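Residue numbers (this note's numbering): 12 to 275.
By construction, the Cβ of each residue, glycine as well, lies at the ideal position given by its N, Cα and C atoms.
This one's a predicted model, so the numbers in the text were calculated from it and none came from an experiment.
Contents: one structure, followed by commentary.
Okay, here's the thing in structure tokens:
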């Protein structure tokens with residue numbers, strides 16, 4: 012029997028970092044209603060394991076390209092923010108060396124902006140072309156071009172790979188999943204996880220709040236992918252610093268007192 016696997020093979024043990032643990036504890040203490048939905052979803056994940064599916068659990072694979080595009084934009088915004096103190100120094104001191112540094116940083120930011128816009132446009136074009144031709148094929152209509160669908164899929168993969176290289180990414184790791192507490196409703200919480208090792212749901216990151224989900228979902232996917240790769244390489248043991256072998260042990264710590272639910 013694998014590490015963390017329940018005797019019936021159906022459910023998951025649960026593991027998380029201190030950071031995720033503290034977020035969940037703060038949620039339990041500060042917002043019991045939302046915490047109740049999150050705890051209920053995590054308990055279902057522990058009990059049902061890989062059999063838990065849409066709308067509560069889904070793969071992040073389809074969201075990976077848009078996450079990369081969001082991360083490109085975030086990197087550019089960060090570059091602009093990093094320019095602000097240098098600009099202030101130029102205004103305050105009129106130092107020639109600082110002024111030269113500002114020129115170099117501006118040029119680097121402009122070059123990155125140009126690259127990211129080209130990369131995003133290539134992805135959008137490749138994705139749109141593939142979707143149009145798939146729709147035509149489904150409708151049984153004749154196409155003017157002779158390029159097979161496999162060629163269009165190759166263009167799309169190439170466009171995604173170019174965004175990955177710009178960001179120093181190695182592709183979306185297999186098994187990166189998303190838990191949506193409260194589904195099919197939306198309470199504004201996302202928990203990213205993976206079955207790592209087999210039989211254990213490893214919580215990688217969490218986003219709380221509708222605005223945070225809107226603004227930081229892509230960043231959370233890329234961050235979680237980085238953590239998962241390091242975990243699989245044995246480089247981030249702290250990602251599983253907290254562990255719960257079964258739902259009862261998890262509920263004993265996290266269930267809000269006023270809910271009174273059972274893990275039966």
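What does residue i pair with, by DSSP beta-bridge criteria?
{"i": "residue 217", "result": "202"}
{"i": "residue 167", "result": "BP columns for residue 167 are empty, so no partner."}
{"i": "residue 188", "result": "70 and 204"}
{"i": "residue 25", "result": "212 and 255"}
Assuming residue i is part of the beta strand (DSSP E), what are its boundary residues?
{"i": "residue 251", "result": "Segment: none, residue 251 is in no beta strand (DSSP E) and carries neither H nor E."}
{"i": "residue 307", "result": "Because the chain in this structure spans residues 12 to 275, residue 307 falls outside the shown range and cannot be described."}
{"i": "residue 244", "result": "Here residue 244 belongs to no beta strand (DSSP E), and DSSP marks it neither H nor E."}
Is it buried or exposed for residue i, if we count other Cβ within 10 angstroms and need 16 for buried?
{"i": "residue 40", "result": "exposed"}
{"i": "residue 131", "result": "buried"}
{"i": "residue 251", "result": "buried"}
{"i": "residue 45", "result": "buried"}
{"i": "residue 81", "result": "buried"}
{"i": "residue 118", "result": "exposed"}
{"i": "residue 259", "result": "exposed"}
{"i": "residue 253", "result": "buried"}
{"i": "residue 249", "result": "exposed"}
{"i": "residue 242", "result": "buried"}
{"i": "residue 107", "result": "exposed"}
{"i": "residue 64", "result": "exposed"}
{"i": "residue 102", "result": "exposed"}
{"i": "residue 129", "result": "exposed"}
{"i": "residue 60", "result": "buried"}
Where does the unbroken alpha helix (DSSP H) through residue i begin, and where does it stop?
{"i": "residue 196", "result": "Careful: residue 196 lies outside any alpha helix (DSSP H) and carries neither H nor E."}
{"i": "residue 81", "result": "75–104"}
{"i": "residue 179", "result": "Neither: residue 179 is in no alpha helix (DSSP H) and is coded neither H nor E."}
{"i": "residue 51", "result": "43–59"}
Just tell me which of the options has its CA closest to the CA of residue i.
{"i": "residue 162", "options": "178, 175 and 144", "result": "144"}
{"i": "residue 166", "options": "212, 141, 175 and 95", "result": "141"}
{"i": "residue 164", "options": "147, 138 and 179", "result": "138"}
{"i": "residue 96", "options": "33, 110, 83 and 84", "result": "110"}
{"i": "residue 25", "options": "264, 256, 179 and 228", "result": "256"}
{"i": "residue 266", "options": "22, 23 and 38", "result": "38"}
{"i": "residue 66", "options": "195, 223 and 224", "result": "195"}
{"i": "residue 238", "options": "214, 226 and 34", "result": "214"}
Checklist entry - On the three-pair Cβ rule with 8 Å, is the region 82–91 touching the region 124–132? => result yes
Next on the checklist: Between the region 225–238 and the region 69–79, can you find at least three pairs of beta-carbon atoms closer than 8 Å?
Outcome noted: Result yes; three or more Cβ-Cβ pairs closer than 8 Å.
Next on the checklist: Check whether the region 50–65 and the region 190–207 are in contact - that is, three or more C-beta pairs closer than 8 Å.
Outcome noted: yes
Checklist entry - With a cut-off of 8 Å, do at least 3 Cβ pairs link the region 170–183 to the region 21–33? => result no
Item to check | Cβ pair count under 8 Å reaching 3, the region 200–208 against the region 218–226 | outcome: Yes, since at least three Cβ pairs between the region 200–208 and the region 218–226 fall closer than 8 Å, the two stretches touch.
Checklist entry - Contact between the region 204–216 and the region 101–117: three or more CB pairs below 8 Å? => result no
Item to check | Inter-stretch contact at 8 Å, needing at least 3 Cβ pairs: the region 129–146 / the region 158–178 | outcome: yes
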